Amino acid sequence: MLDDPIAKGLAAGWQHYSPESLPERWPEFDVVIIGSGAGGGISAKILSEAGLSVLIIESGRFRSSRDFNLQEAQAYPDLYQEAASRKTKDKGIGILQGHCVGGSTTVNWTTSIRTPNATLQHWQDQHGLSALSEQHLQPYFEEAEQLLNISPWQVPPNANNRALQQGCEQLGWSHQVISRNVKGCWDLGYCGMGCPTNAKQSMLTTCIPQALEHSAWLLSGYQVWTLEHKQGRVTGLTLKPTLASTSNNAPSFSLSAKHVVMAAGSINGPALMLRSKLPDPHQLIGKRTFLHPVLISGALMPFKVEGHKGAPQSVYSDQHLWPRQGLGYKLEVPPLHPILVATKLCGFGKLHQQLMQQFNRLQVCLALLRDGFDAHSQGGQVELRDDGSALLDYPFNDYFWDGARRALLSMAELQFAAGAEAVYPLHEQAGLCFSWPEAKTLIETLPMEALQTKVVSAHVMGGCPMGGDTQRSLVDDLGRYRHLENLSVIDGSILPTSLGANPQLTIYALALRASKALAQQLS
Amino acid sequence: MSQRFTRRQFLLASLAGAGGLLGWYLSRPQDLPQQRVKARHLSATQLEVLAMMAPSLLYPIRPDAQQLHSLLQAIDQAYGYLPASTQQELSQLLNLLHRRGSFLLLSAGVSDLSKFSIKQRIQLLNYWRFHSLALLNQAYQGLHELVMASWYGNPANWPALDYQLPEPFKSFALERSTPHAG
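Protein sequences, first through last, are from chains A and B. Position one of the first sequence corresponds to residue 47 (our numbering), numbered consecutively onward. Position one of the second sequence corresponds to residue 33 (our numbering), numbered consecutively onward.
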């Protein structure tokens with residue numbers, strides 16, 4: 047039986063509460079942190095180690111390695127927002143986002159890439175973030191990398207990633223080895239279902255336990271529904287139980303705190319702000335929410351790929367990330383498991399069945415579009431449904447579809463260069479293509495439309511922009527909310543654009559910087 | 033082999049492709065598994081609609097009665113995990129499909145779902161899939177996702193894919209199938 051540090055910690059007396067077990071009374075905390083993902087986890091560790099009393103509130107469940115059974119059918123409802131069925135308003139983009147203690151860090155694929163320098167430069171030039179230079183952030187990246195054991199993956203890539211590498215080599219495209227936040231990784235390939243061996247250095251296995259060891263409290267299964275505020279200060283939080291199966295008799299209640307850190311992530315964080323009617327004189331809450339919208343291309347290889355085995359992501363290519371014109375995109379691959387593949391493959395019937403039967407010969411490429419850097423790329427807008435829940439409206443435009451079509455072309459070209467027998471651009475009106483010229487002709491004529499072109503996302507950013515201009519930003523570069531003195535926002539929602547890189551390492555570095563400043567302020 | 037299909041070509045193609053399906057009526061309501069699905073979330077009529085539509089999405093896979101029963105059970109469970117807003121949308125779709133009057137609107141003027149053959153159901157799904165109305169695309173994709181996830185999430189259906197859990201975790205994974213609350 048593998049060691050389960052969460053079970054051990056709970057047995058040793060960590061202060062964990064849930065709808066099934068609530069304390070008789072709540073003390074007043076120095077800091078309440080809403081959310082336990084990349085931003086909330088780092089903040090909890092730093093603030094509790096500074097001697098502050100901390101409560102972490104997580105709307106998802108507190109799971110641990112003993113619960114992770116490597117099965118999608120359990121993991122998706124248990125660990126993901128809306129049971130992994132979250133979608134944009136027109137249902138044109140499916141969104142994978144964590145919903146459990148550790149947030150998306152519990153279920154991500156461990157890819158750890160520093161913020162590209164060009165992105166930081168854009169923030170300095172366009173968003174007034176002069177402090178966030180590469181040089182200034184370097185110690186925070188280094189600290190995060192040390193804390194979470196982030197280093198380039200030394201094991202040879204699995205065949206899925208190797209195809210990406212070989213395609214790049216054939217075409218003379220740049221490609222890099224991915225750094226991962228793992229320690230003693232078994233190279234299984236099931237990171238998206240929660241790491242069963244605790245090798246992934248997620249917030250679940252690192253910073254949250256460290257915070258609990260430093261007397262932080264954790265409440266899981268409760269959602270902060272509103273923030274009460276008065277005269278420029280947050281005065282309280284109202285909470286509702288979220289776990290449908292267990293919450294029938296759990297009460298809603300209110301809490302107060304000297305300081306509140308919002309780390310509920312993009313979409314849910316801005317939705318909480320909207321429900322709470324936080325002061326927002328320039329109407330910025332929820333706007334400019336970015337997704338790194340992902341286009342997908344499948345390929346049949348003449349050899350076994352077995353894309354479910356091995357580190358899910360170990361190679362990427364930025365060959366097309368910074369084009370002179372139009373949307374740029376990063377090329378990566380996903381892990382391939384039955385539900386993920388079967389639900390994303392377009393169509394049904396014989397072709398779908400045949401491709402599923404060829405499951406182990408499938409190679410899949412992803413192109414992550416770098417949204418938010420151009421006037422034509424304004425991202426989405428978080429709204430509230432009638433029941434107060436969050437909804438993201440992310441409209442498409444011609445600028446987007448131009449990038450999407452080029453992305454499908456690049457992936458098909460790469461897959462044929464890597465030896466594909468056939469390529470299937472994921473679009474309802476596409477089919478198998480057996481040569482690069484054939485694929486090119488097809489993709490150039492496909493109608494690029496929502497719900498015909500498959501678009502997904504696993505990186506939700508923005509909606510509460512940081513910046514130097516008080517009229518265009520809600521928080522400063524330390525996450526301090528401009529219109530409420532005891533509120534900070536420390537998560538991916540403060541990113542003023544998308545990144546052009548998987549976001550966890552950027553959030554860790556910014557969170558280290560912001561929470562250290564906050565600890566100093568409050569101590 | 034690949035070419036850009038127009039919507040009409042797709043409908044014709046789906047009709048032609050469905051030609052070999054004549055005579056296969058597994059998914060008629062009377063073929064519902066004898067053993068009653070213990071549904072916690074979906075109504076009997078909603079399950080009836082799903083029992084008719086799910087095999088059309090899976091074809092040429094032909095689930096037997098036991099497999100159909102397991103599939104409906106898994107769909108009911110998956111539905112229960114969805115947020116209230118998504119449940120409401122799916123519920124409305126299933127109810128519409130069950131009502132003759134509203135079904136006329138969704139099926140471009142054909143009678144009711146229970147009178148459809150499998151090939152007509154496949155044709156209907158493709159009609160939604162390629163329609164210019166986003167609402168119909170959404171209906172198709174909602175059903176597609178629910179059925180595919182429920183079928184391929186079941187380890188009993190993995191041998192066809194040659195997909196296996198890593199050796200050290202095969203039995204371990206089964207032991208862990210019921211997580212603790214918390």
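Yeah, the Cβ is synthetic: ideal placement off N, Cα and C, and Gly gets one too. Please read all numbers here as calculations on a predicted model, not as lab measurements.
Residue i at chain A interface by Cβ criterion, 8 Å
i: N127 of chain B; result: no
i: F148 of chain B; result: no
i: Q173 of chain B; result: yes
i: Y91 of chain B; result: yes
i: H101 of chain B; result: no
i: P198 of chain B; result: yes
i: D194 of chain B; result: yes
i: M180 of chain B; result: yes
i: I154 of chain B; result: yes
i: S117 of chain B; result: yes
Continuous alpha helix (DSSP H) stretch holding residue i: start and end
i: H275 of chain A; result: Careful: H275 of chain A lies outside any alpha helix (DSSP H), inside the beta strand (DSSP E) at 268 to 276.
i: I489 of chain A; result: 482 to 491
i: E352 of chain A; result: From DSSP, E352 of chain A is part of no alpha helix (DSSP H); its letter is neither H nor E.
i: C214 of chain A; result: 205 to 217
i: G315 of chain A; result: 314 to 322
i: D136 of chain A; result: Where D136 of chain A is concerned, there is no enclosing alpha helix (DSSP H), given that its DSSP letter is neither H nor E.
i: Y554 of chain A; result: 550 to 568
i: Y445 of chain A; result: 444 to 463
i: I196 of chain A; result: No alpha helix (DSSP H) contains I196 of chain A, which is instead part of the beta strand (DSSP E) from 196 to 198.
i: Y195 of chain B; result: Y195 of chain B -> no alpha helix (DSSP H), and no H or E assigned at all.
i: I150 of chain B; result: 150 to 162
Start and end residues, beta strand (DSSP E) containing residue i
i: V280 of chain A; result: 279 to 287
i: C231 of chain A; result: It is not in any beta strand (DSSP E) - C231 of chain A carries neither H nor E in the DSSP assignment.
i: D62 of chain A; result: Correcting the residue type first, residue 62 of chain A is His in the shown sequence and not Asp. Segment 61 to 63, the beta strand (DSSP E) holding H62 of chain A.
i: I79 of chain A; result: 75 to 80
i: F299 of chain A; result: 299 to 301
CB contact check: residue i to chain B, cutoff 8 Å
i: P51 of chain A; result: no
i: T251 of chain A; result: no
i: P384 of chain A; result: yes
i: L116 of chain A; result: yes
i: T152 of chain A; result: no
i: A310 of chain A; result: no
i: R431 of chain A; result: yes
i: S360 of chain A; result: no
i: F419 of chain A; result: no
i: Q512 of chain A; result: Strictly speaking, residue 512 of chain A in this sequence is Met, with Gln absent from that position. No - not a single Cβ of chain B is within 8 Å of the one on M512 of chain A.
i: P162 of chain A; result: no
i: F442 of chain A; result: no
i: K486 of chain A; result: no
Bridge partners - residue i, DSSP secondary structure assignment
i: L430 of chain A; result: A:A436
i: G344 of chain A; result: A:V410, A:Y470
i: K91 of chain A; result: In DSSP, K91 of chain A forms no bridge with anything.
i: W263 of chain A; result: A:Q61, A:L101
i: G538 of chain A; result: According to DSSP, which records beta bridges pairwise, G538 of chain A is partnered with nothing at all.
i: G508 of chain A; result: A:T335
i: L533 of chain A; result: A:V306
i: Y375 of chain A; result: A:L415
i: I141 of chain A; result: A:S503
i: Q222 of chain A; result: A:Y362
i: C479 of chain A; result: A:V469
i: S176 of chain A; result: Paired residues: none, contrary to the question.
C-beta contact flag for residue i and residue j at 8 Å
i: S158 of chain A; j: H338 of chain A; result: no
i: D523 of chain A; j: L178 of chain A; result: yes
i: A71 of chain B; j: S182 of chain B; result: no
i: G514 of chain A; j: M249 of chain A; result: no
i: D439 of chain A; j: G372 of chain A; result: no
i: N207 of chain A; j: V379 of chain A; result: yes
i: A450 of chain A; j: P471 of chain A; result: no
i: S312 of chain A; j: M512 of chain A; result: no
beta-carbon residue i near the ligand COA non-hydrogen atom, thresh 7 Å
i: L125 of chain B; result: Looking for the ligand COA in the displayed structure turns up nothing, as the structure carries no ligands at all.
#### Entry: Touch test, the region 532 to 544 of chain A against the region 73 to 93 of chain A, Cβ-Cβ under 8 Å, three pairs minimum
yes
### Task
State whether the region 295 to 310 of chain A contacts the region 55 to 75 of chain A, with contact taken as three or more CB pairs (one from each stretch) at a distance under 8 Å.
Contact annotation: the region 295 to 310 of chain A touches the region 55 to 75 of chain A, with at least three C-beta pairs closer than 8 Å.
### Query
Is the region 442 to 450 of chain A touching the region 343 to 357 of chain A, taking contact as three or more C-beta pairs under 8 Å?
no
### Message
Counting beta carbon pairs with one atom in the region 318 to 337 of chain A and one in the region 265 to 275 of chain A, are three or more of them shorter than 8 Å?
### Response
Counting C-beta pairs with one atom in each stretch, the region 265 to 275 of chain A and the region 318 to 337 of chain A have three or more that are closer than 8 Å, which means they touch.
### Message
Does the region 144 to 163 of chain A come into contact with the region 214 to 231 of chain A, if we say contact requires no fewer than three beta-carbon pairs (one atom in each stretch) closer than 8 Å?
### Response
yes
#### Entry: Touch test, the region 548 to 559 of chain A against the region 160 to 170 of chain A, Cβ-Cβ under 8 Å, three pairs minimum
Counting Cβ pairs under 8 Å, three or more are found: they touch.
### Task
Spell out a yes or no on whether the region 109 to 117 of chain A and the region 132 to 140 of chain A are touching, meaning 3 or more CB-CB pairs, one atom from each, closer than 8 Å.
no
### Query
Does the region 161 to 175 of chain B come close enough to the region 111 to 128 of chain B to have 3 or more Cβ pairs within less than 8 Å?
Yes, since at least three Cβ pairs between the region 161 to 175 of chain B and the region 111 to 128 of chain B fall closer than 8 Å, the two stretches touch.
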